[in-house]
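**Q**
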Amino acid sequence: MKKKFIFSILIAIIIVSIFFFYNNSENNEKEFVKPKIVFQNSFYSVRLKYKDIIPEFNIEEVNKRNKKQFDEDLREKLLELLNMPFDSIPSAEIYNLEIESVDKGTYIQSHISLLTSNSSTTYAYLLVPKNTKKAPAILAMHQHGDSYDLGKEEIVGNKGNPDLYYGKELVERGYIVLATDASLFNERKDIGSNPNSLEISETQHLLSLGHPPLGIIVQEDLVSLEFLNALDIVDK
Numbered sequence: 003m004k005k006k007f008i009f010s011i012l013i014a015i016i017i018v019s020i021f022f023f024y025n026n027s028e029n030n031e032k033e034f035v036k037p038k039i040v041f042q043n044s045f046y047s048v049r050l051k052y053k054d055i056i057p058e059f060n061i062e063e064v065n066k067r068n069k070k071q072f073d074e075d076l077r078e079k080l081l082e083l084l085n086m087p088f089d090s091i092p093s094a095e096i097y098n099l100e101i102e103s104v105d106k107g108t109y110i111q112s113h114i115s116l117l118t119s120n121s122s123t124t125y126a127y128l129l130v131p132k133n134t135k136k137a138p139a140i141l142a143m144h145q146h147g148d149s150y151d152l153g154k155e156e157i158v159g160n161k162g163n164p165d166l167y168y169g170k171e172l173v174e175r176g177y178i179v180l181a182t183d184a185s186l187f188n189e190r191k192d193i194g195s196n197p198n199s200l201e202i203s204e205t206q207h208l209l210s211l212g213h214p215p216l217g218i219i220v221q222e223d224l225v226s227l228e229f230l231n232a233l234d235i236v237d238k
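What follows is the structure, encoded as structure tokens:
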């Protein structure tokens, strides 16, 4: 009985100590100020909290003398924040397979696959104007809009909204165009899965691993640019 009493006293002391520490911690020293504006959306609250923070990179401070250093520092910071997950692959290994080529009248549409890393691939259309020795190149990116079935197909004018056929329009003007599928779009959809739900869950997983999805998208776009840059017909 005596042991139980002593044990109860110890537990009580611990609880009181925790309560006392919590109410006197540094995080609770500031007096609570009732806010003038209350948002239902907490994201707005965060923006309001940091609205007076001076940005690390302020474009208004850029001039001819410091622009080069500004660009270098900004690029380094962006790469740090993107935290790209994949090791680089040799340019010669990016191109994997030509699936088919279709004559579109004034240009050729080649359906190809590209390695985006040592463990992932994307599918693309390479549009090349006929009778072209060298031409400038465009990396054409498709919209999101929950149009998971469309992806690159819309850009090159195979289906979708004609107002978004800009890749087709560019190749008809003499540009070489590369249009790829982002993950979960068109040929990169997971059969039998809801792409919207899958995108949300995969985003959560990636963030928990410290890799923002944008870093993966940008890295794949850089690989696509490397592929374009390696083509002899591209005016670099």
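Residue numbers (the working numbering): 3 to 238. Backbone N, C-alpha and C fix where the C-beta goes; we use that ideal spot for every residue, glycine too. Predicted model, so just to flag it, every value in this text is computed and none were measured.
Along the chain, which unbroken stretches of the beta strand (DSSP E) at least 3 residues long are found entirely within the segment 43 to 117?
**A** If we require 3 residues or more, the beta strand (DSSP E) runs fully inside the segment 43 to 117 come out as 97 to 105.
**Q** In whole angstroms, what is the alpha-carbon distance linking residue 226 and residue 141?
**A** By 1-based counting over the sequence shown, the position of residue 226 is 224. By 1-based counting over the sequence shown, the position of residue 141 is 139. Across the structure, residue 226 and residue 141 are spaced so that their CA atoms are roughly 7 Å apart.
**Q** Take residue 224 as the anchor and find which of 65, 67, 170, 180 has the nearest alpha-carbon.
**A** Here residue 224 refers to the residue found at position 222 when the sequence shown is read from its first residue. Checked all of 65, 67, 170, 180; the closest Cα to residue 224 is 180.
**Q** Throw me the rounded Cβ distance for the residue 237 and residue 188 pair, which I believe falls under 8 Å.
**A** As a position in the sequence shown, residue 237 is number 235, starting the count at 1. As a position in the sequence shown, residue 188 is number 186, starting the count at 1. Actually they are not in contact, since the Cβ atoms of residue 237 and residue 188 sit about 29 Å apart, beyond 8 Å.
**Q** Using a Cβ-Cβ cutoff of less than 8 Å, which residues in the same chain neighbour residue 116 once the five nearest sequence positions on both sides are dropped?
**A** On the sequence shown, position 114 is the one that residue 116 refers to. The residues are 96, 97, 98, 123, 124, 125, 126, 182, 225, 226, 229.
**Q** Put residue 210 into one of helix, strand or coil per three-state DSSP.
**A** Residue mapping note: residue 210 aligns to position 208 of the sequence shown, counting from 1. Reduced to three states, the DSSP call for residue 210 is helix.
**Q** Could you tell me the distance, in whole angstroms, from the CA atom of residue 235 to the CA atom of residue 139?
**A** Numbered from its first residue, the sequence shown carries residue 235 at position 233. Numbered from its first residue, the sequence shown carries residue 139 at position 137. Across the structure, residue 235 and residue 139 are spaced so that their CA atoms are roughly 9 Å apart.
**Q** To the nearest angstrom, how far is the alpha carbon of residue 47 from that of residue 213?
**A** In the sequence shown, counting from the first residue as 1, residue 47 sits at position 45. In the sequence shown, counting from the first residue as 1, residue 213 sits at position 211. Their backbone Cα atoms lie some 25 Å apart in a straight line.
**Q** Could you pull the DSSP bridge partners for residue 239 from this structure?
**A** Because the chain spans 3 through 238 in this model, residue 239 falls outside it and cannot be assessed.
**Q** Is residue 208 near residue 197, with beta carbons less than 7 Å apart?
**A** Position 206 of the sequence shown holds residue 208. Position 195 of the sequence shown holds residue 197. No, they are not a contact pair.
**Q** For the beta strand (DSSP E) that contains residue 180, what are its first and last residues?
**A** Your numbering for residue 180 matches position 178 in the sequence shown. Taken as a continuous stretch (DSSP letters only), the beta strand (DSSP E) holding residue 180 covers 178 to 182.
**Q** So residue 84 packs on residue 217, CB below 8 Å; how close in whole Å?
**A** If you number the sequence shown from 1, residue 84 lands on position 82. If you number the sequence shown from 1, residue 217 lands on position 215. That pair is a contact at about 4 Å.
**Q** Which residue from 55, 129, 210 puts its Cα closest to that of residue 102?
**A** In the sequence shown, residue 102 corresponds to position 100, counting from 1. Per the Cα distances, 129.
**Q** Name the residue from 146, 79, 133, 118 whose alpha carbon lies nearest to the alpha carbon of residue 93.
**A** Counting from 1 along the sequence shown, the entry for residue 93 is found at position 91. The residue with the shortest Cα to Cα distance from residue 93 is 118.
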